[in-house]
Amino acid sequence: MNNNSVHSKILQFKREVQRISVRRLRSLTLANKNTPFKIWGSTLEGDDYSGREVFTFEGPSRNPGVPYNYNALGYMIMYDMNKGDYRTFVYDNITKFELNGVTYEIN
Numbered sequence: 005m006n007n008n009s010v011h012s013k014i015l016q017f018k019r020e021v022q023r024i025s026v027r028r029l030r031s032l033t034l035a036n037k038n039t040p041f042k043i044w045g046s047t048l049e050g051d052d053y054s055g056r057e058v059f060t061f062e063g064p065s066r067n068p069g070v071p072y073n074y075n076a077l078g079y080m081i082m083y084d085m086n087k088g089d090y091r092t093f094v095y096d097n098i099t100k101f102e103l104n105g106v107t108y109e110i111n
């Protein structure tokens, strides 16, 4: 293989969108704490958001004695870098996810 065909195959692979489940999305967000990624989806009120830059962090629901677990309810508190504040996102409402230059569509 020459350099041009290798390069074109790499670009083709990068452009292909991979499909993942909500369960896999949860795993990726929890495994990549403090790593910025982008999400697309909608709020509980129905407002769309696109390319929102966020990251997950070690939250209070992981501590012993805290009576709730947002992750078990399908929510995740993430730091929204666009708004400069913490936001709660619903995993089921996320439609697209980008991490380290790889884009995933959520089934």
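Residue numbers (our numbering): 5 to 111.
Where a beta carbon is used, it is the ideal one built from N, C-alpha and C, also for glycine.
Exercise for the section: Return the CA-CA distance between residue 49 and residue 104, expressed in angstroms with no decimal places. Expected result: Stepping through the sequence shown from its first residue, residue 49 is reached at position 45. Stepping through the sequence shown from its first residue, residue 104 is reached at position 100. Their backbone Cα atoms lie some 29 Å apart in a straight line.
Exercise for the section: Just tell me which of 56, 22, 26 has its CA closest to the CA of residue 88. Expected result: Against the sequence shown, residue 88 aligns to sequence position 84. Per the Cα distances, 56.
Practice task
Figure out for me which residue from 28, 74, 59 has the closest Cα to the Cα of residue 110.
Solution key: One-based indexing of the sequence shown puts residue 110 at position 106. Of 28, 74, 59, the residue nearest in Cα terms is 28.
Practice task
With residue 74 as the anchor, note down where its alpha helix (DSSP H) starts and where it stops.
Solution key: Position 70 of the sequence shown, counting from 1, holds the residue named residue 74. In the DSSP annotation of this structure, the continuous segment of the alpha helix (DSSP H) that includes residue 74 starts and ends at 74-77.
Exercise for the section: Look at the alpha carbon of residue 58 and the alpha carbon of residue 30, and state the distance between them as a whole number of angstroms. Expected result: Taking the first residue of the sequence shown as position 1, residue 58 is located at position 54. Taking the first residue of the sequence shown as position 1, residue 30 is located at position 26. Cα to Cα, residue 58 sits roughly 14 Å from residue 30.
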